[in-house]
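A.B. asks: Got a structure for you, written out below as structure tokens; questions coming shortly.
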Amino acid sequence: MASGQQWVLVEMVQAFYEAPAYHLILEGFLILWIVRLLFSKTYKLQERSDLTEKEKEELIEDWQPEPLVPLVSKDHPPPKYDVVSGPTSHEIIVNGKECINFASFNFLGLLDNERVKNQALTSLRKYGVGTCGPRGFYGTFDVHLELEERLAKFMRTEEAIIYSYGFATIASAIPAYSKRGDIVFVDEAACFSIQKGLQASRSNIKYFKHNDMDDLERLLKELETEDQENPRKARVTRRFIVVEGLYINTGDICPLPELVQLKYKYKVRILLEESLSFGVLGEHGRGVTEHFGVNIDDIDLISANMENSLASIGGFCCGRSFVIDHQRLSGQGYCFSASLPPMLAAAAIEALNIMEEDIDIFRLLRDKCKHIHSALQGISGLEVVGESISPAFHLQLEKSTGSRELDVKLLRGIIDYCMNRQIALTQAHYLDKEERFLPPPSIRVVVTIEQTEEELEKAASLIKEAAQHILQHTVLGH
Amino acid sequence: MLIRMTESSVKKLSNGDRCYRASNGVKPGKNGCVKNHYLYQKQHCYPEEKIYHVAHNGGLYKRPFNEVFEETPMLVAVLTYMGYGILTLFGYLRDFLRDWKIEKCQNATEREEQKDFVPLYQDFENFYTRNLYMRIRDSWNRPICSVPGAKFDVMDRVSYDYNWTFKYTGKVVKDVINMGSYNYLGFAENHGLCADAAADVTMKYGVGVSSTRREMGNLAKHEELEKLVARFLGVEAAMAFGMGFATNSMNIPALVGKGCLILSDELNHASLVLGARLSGATIRVFKHNNMQSLEKLLRDAIVHGQPRTHRPWKKILILVEGIYSMEGSIIRLPEVIALKKKYKAFLYLDEAHSIGALGPSGKGVVEYFGLDPKDVDIMMGTFTKSFGAAGGYIGGKKELIDYLFTHSHSAVYATSMSPPVVEQIITSMKCIMGEDGTSFGRDRIQQLAENTRYFRRKLQEMGFIIYGNNDSPVVPLMLYMPAKIGAFGREMLKRNIGVVVVGFPATPIIESRARFCLSAAHTKEMLDTALRMISEVGDLLQLKYSRHLLVPLLDRPFETTYEENEE
Numbered sequence: 029m030a031s032g033q034q035w036v037l038v039e040m041v042q043a044f045y046e047a048p049a050y051h052l053i054l055e056g057f058l059i060l061w062i063v064r065l066l067f068s069k070t071y072k073l074q075e076r077s078d079l080t081e082k083e084k085e086e087l088i089e090d091w092q093p094e095p096l097v098p099l100v101s102k103d104h105p106p107p108k109y110d111v112v113s114g115p116t117s118h119e120i121i122v123n124g125k126e127c128i129n130f131a132s133f134n135f136l137g138l139l140d141n142e143r144v145k146n147q148a149l150t151s152l153r154k155y156g157v158g159t160c161g162p163r164g165f166y167g168t169f170d171v172h173l174e175l176e177e178r179l180a181k182f183m184r185t186e187e188a189i190i191y192s193y194g195f196a197t198i199a200s201a202i203p204a205y206s207k208r209g210d211i212v213f214v215d216e217a218a219c220f221s222i223q224k225g226l227q228a229s230r231s232n233i234k235y236f237k238h239n240d241m242d243d244l245e246r247l248l249k250e251l252e253t254e255d256q257e258n259p260r261k262a263r264v265t266r267r268f269i270v271v272e273g274l275y276i277n278t279g280d281i282c283p284l285p286e287l288v289q290l291k292y293k294y295k296v297r298i299l300l301e302e303s304l305s306f307g308v309l310g311e312h313g314r315g316v317t318e319h320f321g322v323n324i325d326d327i328d329l330i331s332a333n334m335e336n337s338l339a340s341i342g343g344f345c346c347g348r349s350f351v352i353d354h355q356r357l358s359g360q361g362y363c364f365s366a367s368l369p370p371m372l373a374a375a376a377i378e379a380l381n382i383m384e385e386d387i388d389i390f391r392l393l394r395d396k397c398k399h400i401h402s403a404l405q406g407i408s409g410l411e412v413v414g415e416s417i418s419p420a421f422h423l424q425l426e427k428s429t430g431s432r433e434l435d436v437k438l439l440r441g442i443i444d445y446c447m448n449r450q451i452a453l454t455q456a457h458y459l460d461k462e463e464r465f466l467p468p469p470s471i472r473v474v475v476t477i478e479q480t481e482e483e484l485e486k487a488a489s490l491i492k493e494a495a496q497h498i499l500q501h502t503v504l505g506h
Numbered sequence: 022m023l024i025r026m027t028e029s030s031v032k033k034l035s036n037g038d039r040c041y042r043a044s045n046g047v048k049p050g051k052n053g054c055v056k057n058h059y060l061y062q063k064q065h066c067y068p069e070e071k072i073y074h075v076a077h078n079g080g081l082y083k084r085p086f087n088e089v090f091e092e093t094p095m096l097v098a099v100l101t102y103m104g105y106g107i108l109t110l111f112g113y114l115r116d117f118l119r120d121w122k123i124e125k126c127q128n129a130t131e132r133e134e135q136k137d138f139v140p141l142y143q144d145f146e147n148f149y150t151r152n153l154y155m156r157i158r159d160s161w162n163r164p165i166c167s168v169p170g171a172k173f174d175v176m177d178r179v180s181y182d183y184n185w186t187f188k189y190t191g192k193v194v195k196d197v198i199n200m201g202s203y204n205y206l207g208f209a210e211n212h213g214l215c216a217d218a219a220a221d222v223t224m225k226y227g228v229g230v231s232s233t234r235r236e237m238g239n240l241a242k243h244e245e246l247e248k249l250v251a252r253f254l255g256v257e258a259a260m261a262f263g264m265g266f267a268t269n270s271m272n273i274p275a276l277v278g279k280g281c282l283i284l285s286d287e288l289n290h291a292s293l294v295l296g297a298r299l300s301g302a303t304i305r306v307f308k309h310n311n312m313q314s315l316e317k318l319l320r321d322a323i324v325h326g327q328p329r330t331h332r333p334w335k336k337i338l339i340l341v342e343g344i345y346s347m348e349g350s351i352i353r354l355p356e357v358i359a360l361k362k363k364y365k366a367f368l369y370l371d372e373a374h375s376i377g378a379l380g381p382s383g384k385g386v387v388e389y390f391g392l393d394p395k396d397v398d399i400m401m402g403t404f405t406k407s408f409g410a411a412g413g414y415i416g417g418k419k420e421l422i423d424y425l426f427t428h429s430h431s432a433v434y435a436t437s438m439s440p441p442v443v444e445q446i447i448t449s450m451k452c453i454m455g456e457d458g459t460s461f462g463r464d465r466i467q468q469l470a471e472n473t474r475y476f477r478r479k480l481q482e483m484g485f486i487i488y489g490n491n492d493s494p495v496v497p498l499m500l501y502m503p504a505k506i507g508a509f510g511r512e513m514l515k516r517n518i519g520v521v522v523v524g525f526p527a528t529p530i531i532e533s534r535a536r537f538c539l540s541a542a543h544t545k546e547m548l549d550t551a552l553r554m555i556s557e558v559g560d561l562l563q564l565k566y567s568r569h570l571l572v573p574l575l576d577r578p579f580e581t582t583y584e585e586n587e588e
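Read top to bottom, the protein sequences are chains A and C.
The first sequence begins at 29 in our numbering and counts up by one.
The second sequence begins at 22 in our numbering and counts up by one.
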């Protein structure tokens with residue numbers, strides 16, 4: 029067989045020698061022509077038109093763009109924000125009224141902690157406010173290095189990296205790893221910054237039903253069959269699962285142990301967003317991995333912001349150096365943004381100190397969550413959504429009126445009722461048109477360790493009262 | 022095409038205006054001749070006087086626009102390519118040695134348990150990092166431990182494994198002259214009015230907010246800041262955001278979407294590029310600061326409409342920056358505005374580096390050219406640089422800001438700005454505006470302008486190739502060869518000057534450079550010291566490439582533009 033092929037080859041070479049010159053030239057020319065056709069553009073869009081200059085001018089004259097922003101009619105003025113004068117701490121002044129804060133994610137009450145403030149002040153007196161540069165160009169301060177080391181140590185990972193903006197953390201981290209053509213499995217309830225990160229990554233995104241491991245496994249199996257059909261592609265397609273530890277949109281905890289099992293079964297990496305669960309779940313506040321006793325090395329990347337429990341600004345990612353170090357050159361929000369003001373980093377370090385010194389605060393927070401959670405059960409018309417140990421959970425209407433606008437109005441009525449009686453609440457706000465899966469309208473209740481038993485009781489009974497008052501009223505009104 | 026545009030706008034705008042020559046004071050280079058020749062050919066169509074206007078873009082400008090980019094000397098270009106060639110060859114050689122375990126591989130590696138996963142990084146992705154960047158990694162991320170003012174303290178570090186890891190010796194290099202931070206007006210301070218005000222607010226408010234603007238994080242302080250910013254810029258309203266990068270990447274998607282066209286300068290910052298990509302609009306890129314290229318794109322876009330369907334574009338948004346931080350160039354704003362008006366496009370101006378740093382009262386590039394802020398639809402800028410704080414803003418018409426308040430991703434999903442940071446901006450901005458009753462702000466602006474002119478002139482006289490506009494406080498000094506990037510950074514630090522060096526991929530592959538950022542806080546003595554050291558290192562590394570053949574920007578070769586389509 030091999031010798032047969034050889035023979036054909038020899039014959040071909042011979043034929044080549046025997047062919048007349050004009051034949052070879054013609055063939056050579058044809059080959060060149062084909063090459064040219066292959067490399068030339070099929071058509072040039074802009075040169076194809078045969079408009080005269082005058083016609084072009086007319087077109088330009090005629091073109092009318094849409095306005096930059098849609099015109100707002102006078103009857104629908106833009107919604108007013110609630111104005112907070114003074115700090116957003118436990119006691120808060122909203123729209124001129126003194127209230128107890130049930131709306132800011134200041135779970136551990138570190139926002140107005142004197143120790144934290146003093147550390148921030150000391151840092152301000154040493155470094156000033158701004159950093160005047162990105163990390164690469166003299167924007168790295170010794171405080172940043174210390175905070176990164178402390179965070180890594182606290183989470184018991186090899187390395188941590190800090191960002192100057194909480195939202196940008198996971199939104200930059202995802203596209204640093206997942207690129208065009210890669211596959212990402214995401215929970216439907218994933219928060220907006222995850223969605224933006226996914227969009228920036230341009231990967232192939234597959235949503236699975238919220239916390240539904242069967243649905244995820246179904247998608248993973250589908251992928252497995254696809255892989256078998258096209259093993260070449262499978263070898264270079266990275267795959268990730270993106271989940272939140274404690275979902276901000278639902279108040280649920282992700283089933284991490286099952287996720288880890290699936291990870292090894294289907295060889296998918298897990299990226300975990302812990303903005304709400306960091307400093308909340310687990311005995312030492314290390315988040316959902318500690319809560320379930322999952323080995324933190326089994327999670328490829330953990331991302332969280334420092335704006336909730338740590339009550340500072342910014343965010344961080346942690347994990348193995350192999351993974352994290354990559355972001356120092358590829359995390360867009362890290363490389364191209366000014367670094368975190370050192371005083372904010374110093375505040376975060378002091379907040380970490382407090383978290384390490386006193387692990388009782390995490391238990392205390394859980395107790396308070398359970399307390400108000402049970403106190404809010406059985407309100408007619410309102411349903412409590414979220415885990416009983418979640419410090420941020422939702423109150424949704426049991427029955428929607430059918431129109432989102434009206435639902436929102438009703439909930440706003442309840443909030444105003446409470447706000448007039450010294451309990452500050454807020455709705456969970458979304459950009460309705462931008463969300464991939466828009467959660468139903470809800471009031472988001474936030475528990476902090478500063479809230480006393482009485483305040484929790486008062487909030488619960490007020491909400492009950494308000495619901496009765498307003499929802500009943502509506503029913504009568506119909 | 023531009024000729025016609027300028028002609029008509031010249032008539033409209035400034036018939037009596039004086040025209041300035043692009044006066045480099047030096048005869049035009051080779052390239053300039055070619056370009057003049059091109060203009061000359063067209064002469065028969067247009068009166069000679071008009072061509073003069075075009076050649077110098079005179080009529081629209083109220084001040085001289087001196088922006089030059091000297092051509093790369095041929096020998097230098099060849100040597101630079103050779104340098105990269107050698108580095109690449111050695112890179113392959115060392116990768117080969119690493120493969121055969123002859124050289125120790127310092128890379129962090131995948132966990133044993135996950136060795137059979139799809140690799141997280143493709144091997145070639147890291148070739149550049151491993152073999153080129155790692156050699157000079159010590160030139161970046163140098164930690165400092167003081168205010169990033171006119172001088173700072175750099176932490177000493179050593180590496181025993183060729184830059185794979187660093188050890189801090191505990192020593193501190195004191196009083197390094199800071200030529201790297203974007204501290205244009207010198208507001209990076211730990212004492213004085215701004216710091217005192219920020220300190221008070223820290224004790225009163227704490228540093229965090231723990232909620233979004235839309236929910237429970239809308240402080241009266243934020244609203245005060247926004248009113249002040251609007252007044253400062255001379256626009257109807259403004260909105261502030263917690264991060265400069267996110268101001269771009271999270272607001273552009275709120276303004277344009279599918280069916281819209283974004284025309285973006287090729288050298289725009291990563292945040293603008295990301296914002297444009299997230300928006301889902303079609304993106305077309307024009308040559309840097311090249312108005313012919315921009316006008317061609319505008320005309321083609323309107324005449325041909327969207328690709329395939331040929332429907333007219335919904336809106337066209339032009340994205341430009343005031344000062345380009347890697348080139349030191351200033352946007353040709355008068356021409357951009359003339360074009361935008363003619364073609365009914367919208368203009369998004371990113372003043373990250375120009376706000377505070379340009380214009381007689383620090384109001385940025387619009388004031389620098391004596392233009393009306395109302396002609397810019399979206400005025401964006403950051404507080405990181407001139408104000409010594411953090412965050413960004415968008416200013417414009419009231420409708421625009423109202424719309425952003427309800428549709429900005431930042432307002433609804435991101436934690437609002439830290440109160441002490443807000444306070445720092447408010448005090449420094451008031452100081453710039455003279456509302457604190459002193460002339461400190463104005464003096465700083467004046468000082469910065471003087472420092473800029475002095476420093477640039479001196480460097481040019483020394484024979485370095487300097488890019489950019491004579492008035493730009495960002496001063497790129499060309500190094501070209503990869504080996505000189507690290508050498509320059511290290512030699513300068515040895516002489517107690519902190520500089521920023523940049524190479525590929527932040528710049529074109531052969532145009533590696535050092536960058537100096539001037540500050541009002543620099544005294545003449547500091548600048549003289551810095552200049553002396555730069556000259557010394559320049560002689561040592563043979564960096565004085567200039568043959569004083571200055572080529573105006575407009576005469577850089579016109580290249581084709583390309584289009585980026587979203588799925």
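We put the beta carbon where it would ideally sit given N, CA and C, even for glycine.
Only a predicted model underlies this, so the values are computations on that prediction, with no experimental measurement involved.
In chain order, what are the residue ranges of uninterrupted beta strand (DSSP E) at least 3 long that sit wholly in the region 435–476 of chain A?
C.D. replies: 470–474
A.B. asks: Shorter than 8 Å from the beta carbon of K84 of chain A to some beta carbon of chain C?
C.D. replies: Taking the first residue of the first sequence as position 1, residue 84 of chain A is located at position 56. By this cut-off, K84 of chain A is an interface position.
A.B. asks: Suppose the cutoff is 6 Å on Cβ atoms and the five residues either side in sequence are ignored; what does the same chain contact list for V55 of chain C look like?
C.D. replies: Position 34 of the second sequence, counting from 1, holds the residue named residue 55 of chain C. Because V55 of chain C carries a pLDDT of 31, less than 50, the predicted location of this residue cannot be relied on, and the following value inherits that uncertainty. Excluding residues within five positions, none has a Cβ falling inside 6 Å.
A.B. asks: Give the secondary structure of V122 of chain A by DSSP, where H, G and I count as helix, E and B as strand, and everything else as coil.
C.D. replies: Counting from 1 along the first sequence, the entry for residue 122 of chain A is found at position 94. Residue state, collapsed to three classes: strand.
A.B. asks: Which residues of the region 345–374 of chain C have a Cβ closer than 9 Å to any Cβ of chain A? Give them in chain order.
C.D. replies: K363, Y364, K365, A366 and F367
A.B. asks: Let me check understanding here. Comparing Cα to Cα, which of A:G209, A:L152, A:E216 and A:R263 lies closest to A216 of chain C?
C.D. replies: For this step, residue 216 of chain C is matched to residue 195 along the second sequence. Here the closest residue by C-alpha is A:L152.
A.B. asks: If we cut at 8 Å on Cβ distances, does S117 of chain A have a partner in chain C?
C.D. replies: Stepping through the first sequence from its first residue, residue 117 of chain A is reached at position 89. So, interface residue.
A.B. asks: Among A:F236, A:I377 and A:R260, which has the Cα closest to the Cα of D176 of chain A?
C.D. replies: Residue mapping note: residue 176 of chain A aligns to position 148 of the first sequence, counting from 1. According to the sequence shown, residue 176 of chain A is Glu rather than Asp. The shortest C-alpha separation from E176 of chain A is found at A:I377.
A.B. asks: Mind checking if I337 of chain C is an interface residue toward chain A, Cβ cutoff 8 Å exclusive?
C.D. replies: Position 316 of the second sequence, counted from the start, is the residue given in the question as residue 337 of chain C. With 8 Å as the cut-off, I337 of chain C counts as an interface residue toward chain A.
A.B. asks: Classify H309 of chain C: buried if its beta carbon has 16 or more other beta carbons within 10 angstroms, exposed otherwise.
C.D. replies: Along the second sequence, one-based indexing puts residue 309 of chain C at 288. Buried, because 16 or more other Cβ atoms sit within 10 Å of the Cβ of H309 of chain C.
A.B. asks: If you draw a straight line from the alpha carbon of I298 of chain A to that of K395 of chain C, how long is it in whole angstroms?
C.D. replies: Here residue 298 of chain A corresponds to residue number 270 of the first sequence, with the count starting at 1. Here residue 395 of chain C corresponds to residue number 374 of the second sequence, with the count starting at 1. Approximately 48 Å, taken between the alpha carbons.
A.B. asks: Residues in the same chain with beta-carbon distance under 6 Å from F465 of chain A, minus the five sequence neighbours each way, listed in chain order, please.
C.D. replies: Taking the first residue of the first sequence as position 1, residue 465 of chain A is located at position 437. Taken in chain order, the residues that qualify are E216.
A.B. asks: Could you tell me whether any Cβ in chain C is nearer than 8 Å to the Cβ of Y166 of chain A?
C.D. replies: Working through the first sequence from its first residue, we reach residue 166 of chain A at position 138. Yes, its Cβ sits closer than 8 Å to a Cβ of chain C.
A.B. asks: How many angstroms separate the CA atom of I428 of chain C from the CA atom of A275 of chain C?
C.D. replies: Locating residue 428 of chain C in the second sequence gives position 407, where the first residue counts as 1. Locating residue 275 of chain C in the second sequence gives position 254, where the first residue counts as 1. In the sequence under discussion, the amino acid at residue 428 of chain C is His, which differs from the Ile named in the question. Those two C-alpha atoms are separated by around 6 Å.
A.B. asks: Do S190 of chain A and L368 of chain A have their C-beta atoms closer together than 8 Å?
C.D. replies: The residue you call residue 190 of chain A lines up with position 162 of the first sequence. The residue you call residue 368 of chain A lines up with position 340 of the first sequence. Here the sequence assigns Ile to residue 190 of chain A, which means Ser is not the residue at that position. Yes, the Cβ-Cβ distance between I190 of chain A and L368 of chain A is below 8 Å.
A.B. asks: Mapping DSSP to helix, strand and coil, what is H422 of chain A?
C.D. replies: Here residue 422 of chain A refers to the residue found at position 394 when the first sequence is read from its first residue. In this structure, H422 of chain A counts as strand in the three-state DSSP scheme.
A.B. asks: Below 8 Å on the Cβ atoms is my contact criterion, and I expect L136 of chain A with I389 of chain A to pass it. Report the Cβ-Cβ distance as a whole number of Å.
C.D. replies: Taking the first sequence and counting its residues from 1, one reaches residue 136 of chain A at position 108. Taking the first sequence and counting its residues from 1, one reaches residue 389 of chain A at position 361. The pair is a contact, with the Cβ atoms about 6 Å apart (cut-off 8 Å).
A.B. asks: Is the CB-CB distance between G377 of chain C and S346 of chain C below 8 Å?
C.D. replies: Counting from 1 along the second sequence, the entry for residue 377 of chain C is found at position 356. Counting from 1 along the second sequence, the entry for residue 346 of chain C is found at position 325. No. Outside cutoff.
A.B. asks: Classify T598 of chain C as helix, strand or coil using the three-state DSSP reduction.
C.D. replies: Here chain C covers residues 22 to 588 and nothing more, so residue 598 of chain C does not appear.
A.B. asks: With DSSP collapsed to three states, give me the class of K261 of chain A.
C.D. replies: Translated into positions along the first sequence, residue 261 of chain A becomes position 233. Helix.
A.B. asks: Are the beta-carbon atoms belonging to T448 of chain C and A259 of chain C less than 8 Å from one another?
C.D. replies: In the second sequence, the residue the question calls residue 448 of chain C occupies position 427. In the second sequence, the residue the question calls residue 259 of chain C occupies position 238. Against a cut-off of 8 Å, the Cβ pair of A259 of chain C and T448 of chain C comes out as no contact.
A.B. asks: Residues of chain A with a CB under 9 Å from the CB of Y434 of chain C: which are they?
C.D. replies: Locating residue 434 of chain C in the second sequence gives position 413, counting from the first residue. For Y434 of chain C, the chain A residues whose Cβ falls inside 9 Å of its Cβ are F195, C219, F220, S221, K224, H457, Y458 and L459, in order along the chain.
A.B. asks: Output the boundary residues of the alpha helix (DSSP H) element that contains V99 of chain C.
C.D. replies: Walking along the second sequence from the start, residue 99 of chain C turns up at place 78. Start and end: M95 to D120.
A.B. asks: In angstroms with no decimal places, state the Cα-to-Cα distance between Y597 of chain C and E471 of chain C.
C.D. replies: Summary: the structure shown does not reach residue 597 of chain C, with chain C confined to residues 22 through 588, and so no result is reported for it.
A.B. asks: On the CB-based measure, 16 or more other CB atoms within 10 Å of its CB, does A359 of chain C come out buried or exposed?
C.D. replies: What you label residue 359 of chain C is simply residue 338 of the second sequence in a count that begins at 1. Looking at its Cβ environment, which holds 16 or more other Cβ atoms inside 10 Å, A359 of chain C is buried.
A.B. asks: Out of curiosity, what's the CA-to-CA distance linking N199 of chain C and E134 of chain C?
C.D. replies: By one-based count along the second sequence, residue 199 of chain C stands at place 178. By one-based count along the second sequence, residue 134 of chain C stands at place 113. Inter-residue distance for N199 of chain C and E134 of chain C is about 47 Å (C-alpha atoms, whole angstroms).
A.B. asks: Going by the C-beta, is E372 of chain C closer than 7 Å to any heavy atom of the ligand ADP?
C.D. replies: Looking for the ligand ADP in the displayed structure turns up nothing, as the structure carries no ligands at all.
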